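Residue numbering for the sequence shown follows full-length UniProt numbering, starting at 1 and increasing by one per position.
Structure record follows, encoded as structure tokens.
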Amino acid sequence: MKKEKKQTDENQKTKQLQQQITDNNGKVLTTNDGVPIYDNNNTLKAGERGPSLQQDHIYLDKLMHFDRERIPERVVHARGSGAHGVFEMNADLSKYTSAHFLQKGVQTPVFVRFSTVAGFKGSTDLARDVRGFSVKFYTEEGNYDLVGNNIPVFFIQDAMNFPDLIHAVKPEPNNEIPQAASAHDTFWDFISLMPESAHMIMWVMSDRAIPRSLRMMEGFGVHTFKLVNAEGKGTFVKFHWKPRLGTHGVAWNEAQKISGFNSDFHRQDLWEAIENGNYPQWDLGMQLIPEEDEHSFSFDLLDPTKIVPEEVVPVTIVGTMTLNKNPENFFAETEQAAFDPGRVVPGIDFSNDPLLQGRIFSYMDTQNYRLGGPNFHELPINRSINKKTNNQKDGFARQDILKGDVSYFPNSKAAGCPYHAMLKGETGYQSHKEPIETVKERKRTQLFADHFTQARLFFQSQTSYEQNHIINALSFELSKVNDPKIRERQVAILHQIDKHLAMQVGSNLGISVPEQLDELTLQFARNNHPEYPLKPNKPEVEKSAPLSMAVKKGEGTIATRKVAFLLDEGSSKASVDAFKKALEKEGAEAVLIAPHVGTFQFMEGGTENIQHTYATDASVLYDAVYTPGGKATEKLLKNPDYFAFINEAYRHCKALAFAEGTEDVLAQSFVEKDRGVFLESKDKNWISEMIAVMKEHRVWEREEARKVPV
Ligand code: HDD
């Protein structure tokens, strides 16, 4: 369903990009040097049947370029999807930061890239994985990159371990199996020796790692950063992106099937939402912590495996991001986008989080390699909207043409230009003046040794069905591990988090739960903390509501959700239209599914052009299912694909409705009447009730009651 464009997608950045766009429409085909090509079908030969000639520069030009079309994919986060948009500030933060783009009312163009971590560039969207959430703000003071994830903590505490973590999770080096999956020996070997990963593992095994849509996930800056005001005073900050459509995941069985039906499920969903004018939006939230309070928590603010519970420091909403334009070209924009947490603007600084400190080097280095040299910032997608002016020059693929004979500083020949801001009393980037008096050492601070308190906080904050999903995910992943020692070691870690969790997973794996951490795990933990395990501090809270994805009563929306309408010969148009209208009023979409594409004739005589069939689609691609009335029941009763559709939707805890006269199908299916199954003949207010259930996302309690063999 196309919406009227609410907002212009033009901004300073998209206008800048417009200058780079090539439109081939109506133009003659040329070589890369602009020479018109007469014949693009035949190579130059010595006679009709003779060998090709080396002087065929038109062929050589074409092949030389084709042979070099691929660049190295990102070593992590290789698969991603991007979009342009705008970020608007609507709070006054001048007390905390001098950053221009964080002042009230300022609008800043952004480019956002979402990604999975472990899979290759062509892997499936529905892998169980962390999602990257990178935002490039094209501010008037230069580019600022907030390179976060959809999970607010990380696996490791120090950047030194990053290559090891990634080697462990990526496909194993001998046979390159498995693709886009953490369910294998090397990952769990590493994790079971790194108890600091316990908190992150709880999040990654939750439904957060199988999002319903990229538009329905939170984003986090993960680390603690610093805001710095005009007087140079610092304030610690944690960044949160809160999606307007809520945070939702799919069922694991569903995720696996979506990967088969449409491995571009998330990419396509994002693209279509923007094309249809359903612009995804997130509110930016901040947890602001005065510098004086740095040491007032039960955990260390610099530890990237810890959150600051929202009950302890509330999240203040300060602005909104809207994605309103798809890229013109995937490679030029999404693939060549170079994000770097080291790119900060005046008013923002790093904290001493050792993971963040390590990231500051890695990204610039990787872009240099991936994008072929130090001029990657000149690529259109990476250019700042304010013009860069400095004395750097040359290098592979340089595009800017530096004017004049001066490329050094200080100089007199160019009147000292470009000058540094301080020389003219202007503000430029200044690091926060943080006093540091210390010794050099390779060490980890004491509070970093508390690995389980917040893992427990996360687990205990989940509803019972969410806890079950975590138990099932761990059981699935560890069942795929071949080495029993690794399985046991990880279950010993789970036991430190929560006994019930460990008992359930242990029982699913057929092992008894070790009460103590494995000797090898202890040995590695003692590298960092010789007296490990240390007694943790008492946590501020034992439960934190925002950690659960459960939709609160009366909240939720069905905007942009897709409902499958299952048709067969004899279905009624009136029955289709009544529910379709109600869904569209809520911003949801009805998709008609029929036995074949092309013209479908309704019982009453009207027709509809069908694009989705029982062969091309499955229930896993939809949020709810409706069987319209009419005279199609006889046909549906003989349609096995129809039954697969409704049974599977039922198993995945979706809302289902059956119009008057279609009830007979229930007897032949696994669908049983519950609070998410509606019969027009019995439920007077079925339309509004069905919409209310859809707002809750799923009838999750159903999965405990019944398992459907599809
Ligand atoms: Fe990273 C890419 C997020 C730790 C090294 N990372 C990358 C991307 C995201 C993150 C979203 C994709 C950027 C894009 O869309 O192009 N990474 C994180 C978060 C981390 C984190 C939230 C911890 C809180 N990363 C991390 C560490 C290191 C790296 C500790 C190395 C020391 N990350 C990289 C990289 C990548 C990358 C190798 C691969 C491609 C790229 O940078 O551009 O440099």
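Think of the CB as a built atom: it goes at the ideal place given N, C-alpha and C, for glycine as much as any other residue.
This structure is a prediction, so every number in the text was calculated from the model and none was measured.
Query, Result
"Report buried or exposed for residue 646, applying the criterion of at least 16 other Cβ atoms within 10 angstroms of its Cβ.", "buried"
"List the whole-angstrom C-beta distance separating residue 578 from residue 354, where the pair is believed to meet the contact cut-off of C-beta under 8 Å.", "60 Å between Cβ atoms; not a contact."
"Nearest to residue 485 by CA position, among 498, 513, 470, is which residue?", "513"
"Measure the CB-CB distance between residue 157 and residue 305 and report whether it falls below 8 Å.", "yes"
"In whole angstroms, what separates the C-alpha of residue 665 from that of residue 243?", "38 Å"
"Find the nearest neighbour of residue 144 within the set 155, 174, 30, 111, judged by alpha-carbon distance.", "111"
"Would you give the residue range spanned by the alpha helix (DSSP H) that residue 640 belongs to?", "640 to 651"
"Between the beta-carbon of residue 212 and the beta-carbon of residue 169, is there less than 8 Å?", "no"
"Among 419, 493, 98, 102, which one has its Cα closest to the Cα of residue 451?", "493"
"By the DSSP assignment, the beta strand (DSSP E) with residue 202 in it spans what residues?", "Segment 198 to 204 is the alpha helix (DSSP H) holding residue 202; no beta strand (DSSP E) there."
"Curious, which full-length alpha helix (DSSP H) runs of at least 4 residues does the region 342 to 370 contain?", "354 to 370"
"The ligand HDD and residue 711: does the residue's C-beta get closer than 7 Å to at least one heavy atom of that ligand?", "Residue coverage of the chain in this structure runs from 1 to 710, which leaves residue 711 outside it and unanswerable."
"When you compare only the Cα positions, how much space is there between residue 32 and residue 20?", "15 Å"
"Within 10 angstroms of its Cβ, does residue 64 collect 16 or more other Cβ (buried), or is it exposed?", "exposed"
"If contact is defined by three or more beta carbon pairs under 8 Å, each pair taking one atom from either stretch, is the region 652 to 660 in contact with the region 284 to 296?", "no"
"Determine the direct distance from the alpha carbon of residue 627 to that of residue 669, and round the result to whole angstroms.", "13 Å"
"Grab the span of the alpha helix (DSSP H) containing residue 283 for me, first residue to last.", "Looking at the DSSP string, residue 283 is not in any alpha helix (DSSP H); the run it does join, the beta strand (DSSP E), is 281 to 290."
"May I have the straight-line CA-CA distance separating residue 356 from residue 235, to the nearest angstrom?", "17 Å"
"Measuring from the CB of residue 302, is there a heavy atom of the ligand HDD at a distance below 7 Å?", "no"
"Express the C-alpha separation of residue 698 and residue 605 in angstroms, rounding to a whole number.", "35 Å"
"Can you list, in chain order, the residues of its chain with a C-beta nearer than 8 Å to that of residue 98? Leave out the 5 residues immediately preceding and following it.", "228, 229, 230, 346, 347, 427"
"Below 8 Å on the Cβ atoms is my contact criterion, and I expect residue 558 with residue 586 to pass it. Report the Cβ-Cβ distance as a whole number of Å.", "5 Å"
"Is the number of C-beta pairs between the region 403 to 411 and the region 373 to 388 that are closer than 8 Å three or more?", "no"
"Can you tell me where the alpha helix (DSSP H) with residue 107 in it begins and where it stops?", "That residue, residue 107, is in no alpha helix (DSSP H); its beta strand (DSSP E) goes 107 to 116."
"Identify whether residue 138 lies in helix, strand or coil by the three-state DSSP scheme.", "strand"
"Helix, strand or coil for residue 266? Go by DSSP, reduced to three states.", "helix"
"Skipping 5 residues on each side, what residues in its chain have a beta carbon closer than 7 Å to that of residue 254?", "620, 652"
"Determine which residues share a DSSP beta bridge with residue 131 and list them.", "116"
"Rounded to whole angstroms, how far is the Cβ of residue 130 from the Cβ of residue 204, which I believe are closer than 8 Å?", "6 Å"
"At what residues does the beta strand (DSSP E) containing residue 89 begin and finish?", "80 to 89"
"Would the region 412 to 430 count as touching the region 172 to 191 if we require 3 or more Cβ pairs under 8 Å?", "no"
"With distance defined between alpha-carbon atoms, name the residue in 479, 523, 400, 309 nearest to residue 541.", "309"
"I believe residue 648 touches residue 618 by the beta-carbon criterion, under 8 Å. Please report the beta-carbon distance rounded to the nearest angstrom.", "7 Å"
"Cβ-heavy atom distance between residue 132 and the ligand HDD below 7 Å?", "yes"
"Using DSSP bridges, identify the partner residues of residue 610.", "598"
"Using CA coordinates, which residue listed in 114, 123, 120, 86 is at the minimum distance from residue 105?", "86"
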